[in-house]
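Here's the structure we're looking at; comments come further down.
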Amino acid sequence: MSGSVRAFAAGCLLLLTTGSGALAQQPFINVASTTSTEESGLFGHLLPVFTKATGIEVRVVAVGTGQALKIGERGDCDVVFVHDRPAELAFVENGFGIDRHEVMYNDFVLIGPKADPAGADGGRDIVAAFRKIATAEAPFVARGDDSGTSKAELRYWKEAGVDPRATGGGWYRDTGSGMGPTLNTAAAMDGYALSDRGTWLSFKNKQSLKIVVAGDRRLFNQYGVMLVNPAKHPEVKQQLGQKFIDWLVSPAGQQTIADYKINGEQLFFPDAKTGPS
Amino acid sequence: MPDLVNALIDAWQLVLSGDQTLIAIVSLSLSISLTAVLFATVLGLPLGAALAVLRFPGRNAAVVLVNALMGLPPVVAGLFVYLLLSRSGPLGGLGLLFTPTAMIIAQTVLVTPIVAGVARQAIEDLWRDYGELYLLDGVGRLRTVGSLLWLGRFSLLTAVLAGVGRAAAEVGAILIVGGNIAGVTRTMTTAIALETSRGDLALALGLGIILLALVLAINATAQLFRNSARSAAAI
């Protein structure tokens, strides 16, 4: 009995060591990023090109912007690539990140059921549409997870002069989940939801949902990238991480971002400036 | 209904295609979960046996604690291990976060109480029935426990299988400590969560069917082993 246990343990140790041995061969960085970049398929297109050019593997942990910044704060990744400008600036301000660059933008779209019970369809004014949803008390499915999308949504409610949580009536449904699960919920209950365009385009369970409002300048969604401050966390792979950032804002990286399309539609628009912003 | 049919078709096509990514994900899932169950067994069986046989102050509290931890939410176990392994945590220097090793640690934390809890019950029953006989025969407690473990091997196999089920099915803990990194820490369950997020429900369910088939195969093997051991014992 103990012999077989020992053999088992030896096997497992072997497995563990070979596993980590294989991982150690290629240099890699950990990037904390958002679900929108992962679930839209952008990283699946972008990262192999970078890895081929530099030999650096990029390991992406895709979570909400709030959590991604938290992972960076604790030093558990090398680079943070998210979309919430005020939170990013605070991150740099507090010394957790350095060398922030703006990389690209996409836009948010308001998704709603074809039946459109709130009459929010058409038009470009996101704040007016939000007000109509509140007045009609039509189901609205919210992320509620401190993500960049969630924060943008809360800004629009504020501009609309509506405090959705305070109105009661149960029409505002705070799911505390990622973009995909939120869209799944909206599809199931014929509700409205705010989504980034990339996740929406690559989302496969649309059912009766469609875009009801798009094109408002306030729906502009900027992505920024920054290196986790090596002065705070010496383990940060500064050189490799810097290479990734430099490549993202280089002409080659920017072109690769522009090349990513779903059904001929471009998802992200590169807008890097030279020099840190 | 068409979704369910599509899921079956997706699962079948995935298996037939022998997709390299799928094979990598399946083998990572199996190696993480089985390794975690192995560690949990090595830790849990002696722990369960000790709780069943030894009498010490605080034993009742320990039993209650182990039983309660059988229901430990995976997310909580994941968070606990995350904070331990984070660069800002006590074991941050090891650099284990977002690696398969971190996932094995988290699942070991989850599975050990299950193995220990079920084993304790099984051994305690045996101890009540046979323990005094052994002691009267002058067999030491330690050897008695060894004999009881062997006597109860089929119940203990159930304990281990319960552990396998828990490890193979959970997603909350490994998602947090592994990060669901493609090609590195993406397992069956985290891939299912991701495909669900992407709204590809058929593919997600297809992966789920494959996972179910694997767990079924493990249990069937255990059952075969049990039956053949029984019939061998009968001869």
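These protein sequence lines are chains Y and C, in that order. If you count the first sequence from 1, position 4 lands on 4 in my numbering, and the numbers rise without skipping. If you count the second sequence from 1, position 156 lands on 1156 in my numbering, and the numbers rise without skipping. Ideal Cβ placement from N, Cα and C applies to all residues, glycine included. All figures in this text were calculated on a predicted structure; none of them were measured in a lab.
Same chain, Cβ closer than 6 Å to Y:Thr51, neighbours up to 5 away in sequence not counted: Glu57
Beta carbon proximity, Y:Asp76 to chain C, threshold 8 Å: yes
DSSP bridge partner residues for Y:Ser195 (one or two, in chain order): Y:Val109
Spatially closest choice to C:Pro1074 from C:Gly1172, C:Ser1086, C:Leu1030, C:Leu1149, by CA coordinates: C:Gly1172
For Y:Pro27, three-class secondary structure by DSSP: coil
Selection from Y:Val63, Y:Lys273, Y:Val236 that minimises the alpha carbon distance to Y:Val79: Y:Val236
CB contact below 8 Å: C:Asp1200 versus chain Y: yes
8 Å Cβ cutoff, C:Arg1186 in contact with chain Y: no
Range covered by the alpha helix (DSSP H) that runs through Y:Gln242: 238-249
Through-space distance from Y:His45 to Y:Ala53, alpha-carbon basis: 13 Å
is_contact[Y:Thr35, chain C] using C-beta, thresh 8 Å: yes
Beta-carbon neighbours of C:Arg1141, restricted to chain Y and to distances below 7 Å: Residues of chain Y passing the Cβ test: none, with the nearest at roughly 18 Å.
Span of the beta strand (DSSP E) around Y:Met226: 220-228
Three CB pairs or more closer than 8 Å across the region 185-194 of chain Y and the region 63-76 of chain Y: no
Coil, strand or helix - C:Arg1143 by DSSP: helix
Where Y:Lys210 sits in the DSSP three-state scheme: strand
Any chain Y beta carbon closer than 8 Å to C:Leu1224: no
Expected contact under 8 Å - CB spacing of C:Ser1231 and Y:Thr35 to nearest Å: Actually they do not touch by this definition, with Cβ atoms about 53 Å apart.
Inter-residue spacing [alpha-carbon to alpha-carbon] between Y:Asp76 and C:Arg1087: 6 Å
Top-ranked residue by Cα proximity to C:Gly1178, from C:Ile1023, C:Leu1008, C:Glu1124, C:Leu1028: C:Leu1028
C:Ile1105 - DSSP class collapsed to helix/strand/coil: helix
Short CB-CB distance (under 8 Å) between C:Phe1154 and chain Y: no
First through last residue of the beta strand (DSSP E) which encompasses Y:Tyr172: 172-174
Own chain residues within Cβ distance below 7 Å of Y:Ile126, not counting five before or after: Leu110, Tyr156, Val213, Asp216, Arg218, Leu219
Boundaries of the alpha helix (DSSP H) in which C:Arg1166 is found, first to last residue: 1153-1169
Residue-level contact to chain Y via CB, C:Thr950, 8 Å cutoff: What the structure shows of chain C is the stretch from 1001 to 1235, and residue 950 of chain C is not part of that stretch, so it cannot be assessed.
Beta-bridge partners of Y:Thr34, as assigned by DSSP: Y:Val63
Listed by chain order, chain C residues near Y:Gly97 by CB distance under 9 Å: Near Y:Gly97 there are no residues of chain C at all, since even the closest Cβ is about 14 Å away, more than 9 Å.
C-beta neighbour in chain C for Y:Gly66, strict 8 Å: no
Cross-strand partners of C:Ile1032 (DSSP beta bridge): Partner(s): none; C:Ile1032 has no beta bridge.
Chain C contact for Y:His233 (CB, 8 Å cutoff): yes
Touch test, the region 1124-1135 of chain C against the region 1093-1107 of chain C, Cβ-Cβ under 8 Å, three pairs minimum: no
Distance between beta carbons of C:Ile1192 and C:Tyr1082, contact taken as under 8 Å: Not really, about 21 Å apart at Cβ, beyond 8 Å.
Partner residues on chain Y for C:Gly1095, Cβ-Cβ distance less than 8 Å: Glu235
Touch test, the region 1153-1163 of chain C against the region 1108-1119 of chain C, Cβ-Cβ under 8 Å, three pairs minimum: yes
Alpha carbon of Y:Ala134 to alpha carbon of Y:Ser208, nearest angstrom: 21 Å
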